[in-house]
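Asker: Here it is, the structure, as structure tokens.
2 protein chains.
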Amino acid sequence: MISSPPFHETLDLSLCGSMGRVFRLCRDAVTLAVEPLGLTQSRWTAMIHIHHLKQGVTQQELASSLGIEMPSLTRTIKQLEQQAIIVRRIDSDDKRSRKIYFTEQGLLLLDALRDIMAEVKTQLYAELTTQQLDTMAYGLVQMEANARRCISHFSGEQ
Amino acid sequence: MISSPPFHETLDLSLCGSMGRVFRLCRDAVTLAVEPLGLTQSRWTAMIHIHHLKQGVTQQELASSLGIEMPSLTRTIKQLEQQAIIVRRIDSDDKRSRKIYFTEQGLLLLDALRDIMAEVKTQLYAELTTQQLDTMAYGLVQMEANARRCISHFSGEQ
DNA sequence: TTAAACTAGTTAGCATGCTAAGTAACTAGG
DNA sequence: CCTAGTTACTTAGCATGCTAACTAGTTTAA
Chain D
1177 MISSPPFHET LDLSLCGSMG RVFRLCRDAV TLAVEPLGLT QSRWTAMIHI HHLKQGVTQQ
1237 ELASSLGIEM PSLTRTIKQL EQQAIIVRRI DSDDKRSRKI YFTEQGLLLL DALRDIMAEV
1297 KTQLYAELTT QQLDTMAYGL VQMEANARRC ISHFSGEQ
Chain C
1177 MISSPPFHET LDLSLCGSMG RVFRLCRDAV TLAVEPLGLT QSRWTAMIHI HHLKQGVTQQ
1237 ELASSLGIEM PSLTRTIKQL EQQAIIVRRI DSDDKRSRKI YFTEQGLLLL DALRDIMAEV
1297 KTQLYAELTT QQLDTMAYGL VQMEANARRC ISHFSGEQ
């Protein structure tokens, strides 16, 4: 396990700047790799989550899974629908909500996407052990909880 | 050291989705905490980097330190200047470049900002050991390198 | 049963990142 | 010394996140 003090300082500099930069780079790497499929970051991310949540998911559930707000999702969903990758059907039990399904063409695209992502994932995680990845993932979850607590702390104070 | 397999899977789901979400949350926590100072995320981040790089830094150097592109910085710099937090002076040795300095008012704001950030940082890093933070920071640096290699791989291929 | 409150989704408009393309100043080769 | 290329910065416009405020169904409670 290589552990170098300077890295910790790098992270400290802007607190979350490193994370943002790495996030953008990883996202760009995937987006570039899937470019032949005509997908942008928000669109391929949504497709992967729809797949994991199973078809028939509502926009609310999808937004929650993606960790974004509903209005952010609306735009992406509209684009996926225009590209005929998904269709939405109004839920007969609750006419407010719309359930999402892949089209046949969408399913084909999803397969291609998953193949490419598997390859990119391997490249992005290169040189990192499972233990390191777990520590990072654990740290992210912990920081997420900390940040949420911190946000309610400062919102409540006003 | 707590290491839980499910977390790794969480990270895997959208590859970099967790990182983006945690990044946004941490950023929002700081931005909320410094809200009384009238600063947005891009502005406080830039201020911290200017401080670390020492005054008289050029926009080019600052953009590089922030890990963003010049046009993204232009907007932020303009706002900081309008708020009279910084001033820019054309470099007499190279009239293309502009050096950045804090105003007196800007320095006062910087002090207040740094105090608040120190507190928020403590909260965001709560429950995480130095070793865990180092592993995360190391992982981020490694992933950044991987992502850059991946990006040139896919750009070169076209 | 009907008015009030809630919930799913949308629209409008802001913040911040980006790329592409333009301007002005510097540098290098003939 | 002048043209060609490079560099620092700006402008314009796109992508994706957000909040606030709206519409239209659903639920709750008097």
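In order, the protein sequence lines correspond to chains D and C.
For what it's worth, the numbering used here labels the leading residue of the first sequence as 1177, then goes sequentially.
For what it's worth, the numbering used here labels the leading residue of the second sequence as 1177, then goes sequentially.
By construction, the Cβ of each residue, glycine as well, lies at the ideal position given by its N, Cα and C atoms.
Everything numeric in this text was worked out from a predicted model, so none of it was measured.
Using a C-beta to C-beta distance shorter than 7 angstroms, which residues of chain D count as neighbours of glycine 1214 of chain C?
Answerer: Here the premise fails: no neighbours, minimum Cβ distance about 14 angstroms.
Asker: By the criterion of Cβ-Cβ separation under 8 angstroms, what are the contact partners of phenylalanine 1278 of chain D in chain C?
Answerer: None at all; the shortest Cβ gap to chain C is about 17 angstroms.
Asker: Please classify methionine 1223 of chain C as buried or exposed, where buried requires at least 16 other C-beta atoms within 10 Å of its C-beta.
Answerer: When all chains shown are included, methionine 1223 of chain C counts as buried.
Asker: Which residues mark the beginning and the end of the beta strand (DSSP E) in which glutamine 1275 of chain C is found?
Answerer: The residue asked about is misnamed: residue 1275 of chain C is lysine in this sequence, not glutamine. From DSSP, the beta strand (DSSP E) with lysine 1275 of chain C extends over 1274-1278.
Asker: Determine whether the Cβ of methionine 1312 of chain C lies closer than 8 angstroms to any Cβ atom of chain D.
Answerer: yes
Asker: Of the residues C/Ile1262, C/Lys1271, C/Gln1235 and C/Arg1325, which one's Cα is nearest the Cα of leucine 1249 of chain C?
Answerer: C/Gln1235
Asker: Could you tell me the distance, in whole angstroms, from the CA atom of serine 1240 of chain C to the CA atom of valine 1198 of chain D?
Answerer: 14 angstroms
Asker: List the residues of chain C whose Cβ lies closer than 8 angstroms to the Cβ of alanine 1323 of chain D, in chain order.
Answerer: Val1198, Leu1201, Cys1202, Asp1204, Ala1205 and Leu1300
Asker: If you follow the beta strand (DSSP E) that valine 1263 of chain C is part of, which residue opens it and which one closes it?
Answerer: 1262-1266
Asker: Is there a Cβ from chain C that is less than 8 angstroms from the Cβ of threonine 1250 of chain D?
Answerer: no
Asker: Going by Cα to Cα distance, which pick from D/Ser1194, D/Gln1231, D/Cys1202 and D/Phe1278 is closest to lysine 1297 of chain D?
Answerer: D/Cys1202
Asker: Using a Cβ distance threshold of 8 angstroms, determine whether the stretch 1301-1313 of chain D contacts the stretch 1307-1325 of chain C, with at least three qualifying pairs required.
Answerer: yes
Asker: Quick one, which of D/Gly1214, D/Leu1242, D/Glu1211 and D/Pro1212 has its alpha-carbon nearest histidine 1225 of chain D's?
Answerer: D/Leu1242
Asker: State the CB to CB distance for the pair leucine 1208 of chain C and isoleucine 1327 of chain D, rounded to an integer number of angstroms; the pair is presumed to be in contact (CB under 8 angstroms).
Answerer: 6 angstroms
Asker: Among the candidates D/Asp1291, D/Ser1273 and D/Thr1279, whose CA atom is the shortest distance from the CA of valine 1206 of chain D?
Answerer: D/Asp1291
Asker: What would DSSP say about serine 1241 of chain C, mapped onto helix, strand or coil?
Answerer: helix
Asker: Given this structure, state the Cα-to-Cα distance separating leucine 1229 of chain C from alanine 1294 of chain C, to the nearest angstrom.
Answerer: 18 angstroms
Asker: Please report whether the beta-carbon of serine 1268 of chain C lies at a distance below 8 angstroms from any beta-carbon of chain D.
Answerer: no
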